[in-house]
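So that you can map any letter, position 466 of the sequence shown is 466 in the numbering used here, and since no number is skipped, the others follow by simple counting. Structure first, commentary second.
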Amino acid sequence: MSGKCLVVQEARFGDLIQTVPLIGDMSQSGYRTVLLVRAGIAASARALSLADEVRVWPSFGDPACESSLGRRLSEARRFVSDLKRENFDRVVVLNHHPTGVLLGRLLGVPVSGFTRILERKDPADHSDLLTGWPGYLVASSRGIRGLNRIHLSDMWRGFAGKISGRPPGPAPVRSRGYVVIVLGGRSPYRRWKPESLLSLVRQVRRIDGGDVILTGGPEDESLGALLEKEAGSGVRNMAGKTDVAKLSVLLAEAGVVVSPDTAPLHLAAALGVPTLGLFFASALFFETGAYREGAISVVTGMDCYPCAGEGAACPHRSCRDSPGTEALARLIAGVKRGERGRNLASALTEEMAGAEIWEAEASSSGLLQRVLTPRTLTRERVLARLLRRFYWRYLNEGTDLPDLYGELVMEGEGRASGGGCEAGNVPLHLWLCRLGRGVDLYARARESNLGGGQRDRMVDRLASDFPMMWPLLHLMEWVEGGQGAVRPLVRAAEMLVREASEAAELLEGDPGRIFPHKEKAHVAI
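Shown next as C-alpha cells:
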C-alpha cells in the first residue's frame, strides 16, 4: 500500500515523541506521513525529523489572529482548502479534541482515530460514542487508569489499524557515556527536593565515577547552577541552555538518562539511549514509560499511587522520599553498565525502602512491564493483567500473548491477597469465578442483541451482582454504549472466562510451583 497520510497530534512534546511508533508503522506500510501539530512544538518536530513533513495549525499562538475572529475564520478556510488540494488518502486523529475531529470530517477522506467527541450528556444518545482503541484510550483515562496496563504508544498504533510488530529492543550499552539527570518535571509534584538531588548527584559521582550533566527548562537553571557549585568537579549544568535539537545531541551521547519528566525519557529512548524513569504522583509508567525494551522505571510502592489531580490534595508528598539516593545511584550505575533483569535489582531490594523497580519488555502485544523487586499480587493486580489480555484480544484480534503464568509473574509473586476491587472477604478463587460468570453472562447478552430497555436493565443487574466487572462495563457500556464489535468481544470474553478460572487454580496453589523462574513461550490466540 502507498499513499499520503495526515497525522493530527495536538498534544505536548512528550506525546509528540510517543507518536513515533505510529509514524513508523505508517511509513512501513508505504505512506508518506505529514504531521500536523501546534505551533509550540512544530520546531521540535522538524528538528527531530519525526515525519516526512510537518505542518502547523493556523492561529495557535498568534495574538493577532486571536484578536480577530474574521481573520481566524479566513485563515482556517484557507488552511482546510490547502490541505484538500494535497489529496490525502487518509487522516489519523490522535487527540480527543474538537478541532482535529472537525478537520478530519472536512477533508472528506477516510478518518481513523477520534472521529467524534464523547460527551454522553444524554445516556440514551449514542451519536457521540467511541469504539475501538479511541474508546479504550478515553476509558483508561476516565475511570480505569489505575488498572491500565497498555502503553499510550500502543494505543495510538491501534488508531491506524491492526497492530503488528514489536516495540524497539534494548538500547546498546554506553558504559563510557556521562549520566544525564533531568531536574524538573511538568508538575511540581514530580520534582525531587533540591537536597535529594544534590545527594543523588554526589552519590552518582562517587559510585559511577563518570561525569554528570544536569538538564531541564529555564525554570531549573538556578537550581542546576547551585547543584553544579555544591557537587564539585565532574558536574555540568545545562539546564535552560538547550533547545530540542541541542538536547537531542546531548542525550544521544549519554550513558543513561535519569528523569522524573517523561518527555526526555521518550526522546532518549527514541535515540536508543538507556533510561531510568522516576515515577511519582500521577505519572503512570504503564502508559507513558519509555517505549523501549530494557527501560527501567522506579515507582513509589505507596497504595495511593497513581494519585488523582497531580497530588494537589496530598499533605505529605512522601512518594518522593524513596528510594534513598545511594540505592538509586547504584541502580543508575548498573543500568549504565548494561545490567538487566533481576541481577540489577536483587542487590538493592532491601535498600529500596518500599519503592519498586520495573523493567520494560517488548512483546507482540505491545510493551509489557515486569516488576524486579518483591511485590505481592492483589486481586486488583490480577484483574489488571486479565483485563489487559481481554482488551488486546478484543481490540487487536489474533494478537500473540504471553502465557497467563508468565504474565501474572510480571505483576508480582505469591498468593494474591485482597485488593480494592470488591468489598468483603470473598475467597480469591470464588471472586475470580464470579468474574468469569459475570463476563460470560454479559457476552451472551450482547450476542442475543437485547433491546434498549432490556439491555440497560441487564447491565445494571450485572454491575450490581458482579462489581469486579466494572472496568469492563466502563468501556463496553459507558464509552462504547454497547455498540462495539460483537464477534471479537465474544471471543475475548470466552478467553477471559477460561483464564479467570485458570488464575483461580494457579493462585490457590503453591507459589513456588506457580511461579517457576524460567521463560514462558508465547501462544497465539
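We treat Cβ as the ideally placed atom computed from N, Cα and C, and that holds for glycine. Quantities reported herein were computed from a predicted structural model and do not represent experimental measurements.
Within the same chain, show all residues whose beta-carbon is closer than 7 Å to that of residue 212, passing over the 5 residues directly before and after it, in chain order. 178, 179, 181, 201, 204, 205, 234 and 235
Residue ranges of each alpha helix (DSSP H) run of no fewer than 4 residues wholly in the stretch 20-50, ordered along the chain? 20-28 and 39-47
Quick one: residues in its chain with C-beta nearer than 6 Å to the C-beta of residue 335, no 5 flanking neighbours on either side, listed in chain order? 256, 274, 276 and 296
What do you get for residue 278, buried or exposed, if any count of 16 or more other CB atoms within 10 angstroms of its CB means buried? buried
For residue 14, which residues from the same chain have a beta carbon less than 6 Å from its beta carbon, with the 5 sequence-adjacent residues on both sides left out? The answer, listed in chain order, is 262, 263 and 266.
If you reduce the DSSP assignment to three classes, tell me which class residue 15 lands in. Looking at residue 15 - three-state DSSP - the assignment turns out to be helix.
Using CA coordinates, which residue listed in 358, 258 and 470 is at the minimum distance from residue 143? 470
Helix, strand or coil: which one does DSSP assign to residue 336? helix
Quick one: any contact between the stretch 379-394 and the stretch 340-353, if contact means 3 or more CB pairs under 8 Å? no
Quick check on the DSSP output: what are the complete beta strand (DSSP E) runs of length 3 or more inside the stretch 216-269, in order along the chain? For the stretch 216-269, whole beta strand (DSSP E) runs of length 3 or above, ordered along the chain, are 235-237 and 254-259.
Secondary structure at residue 57, three-state DSSP: helix, strand or coil? For residue 57, the secondary structure class from DSSP, reduced to helix, strand or coil, is coil.
Check this for me: beta carbons of residue 306 and residue 145, under 8 Å apart or not? yes
Measuring CB to CB, does residue 92 end up less than 8 Å from residue 116? no
Spatially closest choice to residue 293 from 84, 244, 107 and 268, by CA coordinates: Taking residue 293 as reference, the option from 84, 244, 107 and 268 with the minimal CA-CA separation is 268.
Return the Cβ separation of residue 138 and residue 97 in integer angstroms, given the expectation that the two are a contact with Cβ distance under 8 Å. About 12 Å; that fails the 8 Å criterion.
Roughly how many whole angstroms lie between the Cα atoms of residue 30 and residue 4? 9 Å
Inter-residue spacing [alpha-carbon to alpha-carbon] between residue 81 and residue 363: The alpha-carbon atoms of residue 81 and residue 363 are separated by roughly 42 Å.
Please state whether DSSP places residue 358 in a helix, a strand or coil. strand
Using a threshold of 8 Å, state whether the C-beta atoms of residue 372 and residue 359 are closer than that. yes
Which residue's Cα is closest to the Cα of residue 391: 495, 18, 432 and 248? 495
Can you tell me whether residue 237 is buried or exposed? The criterion is at least 16 other CB atoms within 10 Å of its CB, across all chains shown. buried
I'd like the span of the beta strand (DSSP E) that includes residue 370, first residue to last. Where residue 370 is concerned, the enclosing beta strand (DSSP E) stretches over 366-371.
So, is residue 153 buried or exposed, given that buried needs 16 or more other C-beta atoms within 10 angstroms? buried
Is the beta carbon of residue 7 less than 8 Å from the beta carbon of residue 33? yes
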